[in-house]
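Chains as they are written, first to last, in the working numbering: chain A, 40 to 324; chain B, 34 to 460. Note that beta-carbon positions come from the ideal geometry of N, C-alpha and C, so glycine has one too. Data block below; observations after.
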C-alpha cells in the first residue's frame, strides 16, 4: 500500500501531538494524504530518515547538520525545503548581570558561563563556539556550567536556558547563553527583572529549524507539501491556532546558508564527526 | 514617553520610547503606534535603551512585522535630538517597524457576540453559537476555537427580559447573616415550643438544599451569552447557601440536636433533583414549591414565637419571593414562545404527584410543629389559635399556586386541578 507523505517530528512537548494532528486534518482537508511519526530523540529521527521510515523530518538545526552529514557519508544529499519565518536570522546572546564588572568578552577568562543542554545549538554550541572564536576556549579559557534539560531534544525545551539565566541572576554564574528571543521571553515571564541583564556579546545571525528531505523522496509530492505549507495563512482561523502553537506567522522556503555557523561550531566543539557520527562523550542514545 | 501617531518631519508615524526597552514593556507603546497603520506602513521608533534595536529585531520577527534598523547617519533626523513633533527633546530613530499582515488577522472575520446591554435591539440573540463560548456578550469573537456544550443555549428556553432587573435587585438585597440578624435576641418560650421551632428549621434546611442544588445544576449549563440569567441563578444559589446557614444556626441556638428528616420529605425533594428539563424544574421548584415556601416564611414571620425566628423568616422570604419572580418571568416568556410548554408542565405536575402517591406527604411532626410554633404555648386556647393559623396557611398556599398558574396562562379549572396535585410536602 502506498503510504501517505509521512513526517518525522520529535516529541519534546505534549503540544507536538496537537500541532501535527491539527496539520494532518488541515492537509486532509486540502486533499493531501499526510501522516506523522513522533520520535523521542533527534538522533533516532535522523537515523530513521536515512533508513527511509519517513519522507520529511521537522529538524532542529543540529538535526539538519547530522542528517546532512549522514546523507553525504552515504553518497546522498539532504535538502532543506521549508522553515518558519521565526527560524530565520536568529542570534544567541551571552548575558551578564546589569551590575556586573564584565564589559569585555576577554574578561570572561577564568569565570563561569552558564549554558543550556549539551546538544542545544542556541544555548550551548553556537555561543560557546562564538566565544572560542573570540579566543576563549570553553573549559580551558572559562568554566562551563551546563544545564542539561531534556538532552536529545536539541535544546527545544526551554528549561535549560531558563535554569542558566536563573544561575546567572543568583550569582552562581558570571554569564549565561540564551537565544535572543528568550532574552525577551524571560523578561516577560518575570525571570529576568527589567534592565536586570545586559548583552556582553552576540553571535552572528543563523537559522533554526527546517523541513528536511533526502534525495530519494518523490519531489512532486514534496513540492505539493511545501506549496501547501507556504499557503497556510495566519488569516485562516482553522490553521491560526496551529501556527501559534508552532510559533510562526508564515512558512518560508528553505535555505541552508544559515547553518554554516552551526556546522563550524559542531566541528570546533567536536559534537559530530564529518560522517555524522556522534563524538561528544556520554551522549545518551 | 508618549506615542505620537502622525509625526516625524518625514511624514512617517513615530513612537518615542525614551529609556524603555522591550524587556520592560516598550512593545505596548510600539503596538499602540502601529494600531492605526495598515499592513506595509512603517512606524519610526525613537529611544535610547542600549539594546533597543536588538529587542525590536527579535520582537518584529516574532510578531510577523519587518524591522528596518537605521544605519548610522541615515535615520530620520539622525542625532538631531528633536522630538517627532519638533521642539521636544527626543532620541534618534533606531529604525522603522513595517507592520505585517498577521497583527490584525485575529480581527478578520471576528463577529460581534450581541451587545452587553440586554435592552438594546438584537443584544441577546436567539441561538448563540457554541464557539462564542465564554466570550463576553458584546465581544468581537475570533472565529474558530473550542465549542463548549452549553445545553441551555436557546433564548426562548432560558431567557427573560426581567433577568437583568431581578439580578440587580438580588445583588442589592444581599445580606450578611452575621450582621443582618441580631443573634443575641432572647428566646423566652417553653422547651416544647423550641422543639417545634427546631423541627421546622430542620425541615427548612433540607428544602433549601434542594433549592440550592437544582439551580446550581442548571447554572453550569446556561450559555454565557445569557449572562444576566446566569448571574441571577448564581445569586439564587448564594441566597440558598445563606438560608441553610441561618436555619441551621437558629435550630442550634438552644443547644438541642436537630430534629427528624423523613423519607417522605426527602422523596418529594428527590423528584425535583431528578427533573432534567430546566423549565420543568423551574416550574416544579419555584412556581409550585418556592412559591408555597414564600407563604410558609410569611407565616413564620407573623407567627413565630421569638423575634429572632421572625427576623430570619423576613430576610429569607424576601429572597424566595425574588426566586419565584425570576422563574415566573422566564416561564411566562417561554410559554408565550412555545404554548405547548403548558401541556408539558401539566404532565410534569401529574407525574410528580403519581411518583409521590406512595409516600406519606408532609412530615406529621412538621405539621404539628407549625401548630405549636404558631400557638406559642402548649395550652388548649393557644393550640386552637395555632391550628386556625395553619389552616389559613394551607388555604393561602393553594391560592398562591392557582394565582401563579393563572399568570402562566392556565385556565381556572386547569389551575385548580394542578394546584391540587401539589405535593403535601409544601416544596
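- Three or more pairs of CB atoms, one per stretch, sit closer than 8 Å, so the segment 174–194 of chain B contacts the segment 253–262 of chain B.
- Only residues of its own chain outside the window of five on either side were considered, and among them 163 and 164 have a CB closer than 6 Å to the CB of residue 180 of chain B, listed in chain order.
- Assignment of beta-bridge partners to residue 218 of chain A by DSSP yields A/131.
- Residue A/138 holds the alpha-carbon nearest to the alpha-carbon of residue 214 of chain A among A/92, A/138, A/299 and A/53.
- Residue 46 of chain A places its beta carbon 8 Å or farther from that of residue 81 of chain A.
- Taking a cut-off of 8 Å on C-beta distances, the segment 270–284 of chain A does not touch the segment 102–120 of chain A, as fewer than three cross pairs fall below it.
- Cβ contact annotation for residue 125 of chain A (same chain, cutoff 6 Å, sequence separation greater than five): 286 and 287, in chain order.
- In the three-state reduction of the DSSP assignment, residue 348 of chain B falls in the helix class.
- Out of B/104, B/228, B/432 and B/455, the CA that lies nearest to the CA of residue 409 of chain B is found in B/228.
- Residue 305 of chain B places its beta carbon 8 Å or farther from that of residue 235 of chain B.
- Residues of chain A whose Cβ lies closer than 7 Å to the Cβ of residue 88 of chain B are, in chain order, 223.
- By the 16-neighbour rule on beta-carbons within 10 angstroms, residue 69 of chain A is exposed.
- Exclusion of the five residues before and after residue 97 of chain B leaves 133, 134, 135 and 136 as the residues of its chain whose Cβ lies within less than 8 Å of its Cβ.
- In the same chain as residue 124 of chain B, and ignoring 5 residues on each side of it, the C-beta atoms closer than 6 Å to its own belong to 79, 80 and 81, in chain order.
- Assigned with DSSP and collapsed to three states, residue 100 of chain B falls in strand.
- Minimum Cα-Cα distance from residue 293 of chain A among the listed residues A/116, A/247, A/58 and A/280 corresponds to A/247.
- Listed in chain order, the non-local C-beta contacts of residue 193 of chain A below 7 Å within the same chain comprise 81, 99, 101, 102, 158, 159 and 160, local neighbours out to five positions each way being set aside.
- Distance check between residue 88 of chain B and each of B/63, B/450, B/437 and B/366 places B/63 closest, using alpha-carbon atoms only.
- At a C-beta separation below 8 Å, residue 57 of chain B has these neighbours in chain A: 226, 233 and 234.
- Using a CB distance cut-off of 8 Å, residue 145 of chain B does not count as an interface residue toward chain A.
- In the three-state reduction of the DSSP assignment, residue 324 of chain B falls in the helix class.
- For the segment 117–131 of chain A, residues whose beta-carbon sits nearer than 9 Å to a beta-carbon of chain B comprise 124, 125, 127, 128, 129 and 130.
- Using a C-beta cut-off of 8 Å, the segment 205–218 of chain B makes no contact with the segment 367–378 of chain B, since fewer than three inter-stretch Cβ pairs fall below that distance.
- Rounded to whole angstroms, residue 222 of chain B and residue 406 of chain B show a C-alpha spacing of 10 Å.
- The straight-line gap separating the alpha-carbon atoms of residue 356 of chain B and residue 316 of chain B is approximately 11 Å.
- For residue 128 of chain B, the uninterrupted beta strand (DSSP E) run begins and ends at 126–131, by DSSP.
- In the structure shown, residue 313 of chain A adopts coil according to DSSP, grouped into three states.
- Contacts between residue 238 of chain A and chain B, judged by CB atoms closer than 8 Å, involve 84 and 87 in chain order.
- Where residue 264 of chain B is concerned, the enclosing alpha helix (DSSP H) starts and stops at 260–284.
- In this structure the segment 338–345 of chain B does not lie against the segment 434–452 of chain B, because fewer than three pairs of beta carbons, one per stretch, are closer than 8 Å.
- By the neighbour-count definition (other C-beta atoms within 10 Å, threshold 16), residue 200 of chain A is a buried residue.
- In the structure shown, residue 297 of chain A adopts helical secondary structure according to DSSP, grouped into three states.
- Shortest Cα-Cα distance from residue 168 of chain A to any of A/305, A/320, A/323 and A/314 involves A/305.
- The three-state secondary structure of residue 373 of chain B, taken from DSSP, is coil.
- DSSP places residue 49 of chain B inside the beta strand (DSSP E), whose first and last residues are 46–49.
- Among the residues of chain A, those whose CB is under 8 Å from the CB of residue 97 of chain B are 124, 273, 288 and 289, following chain order.
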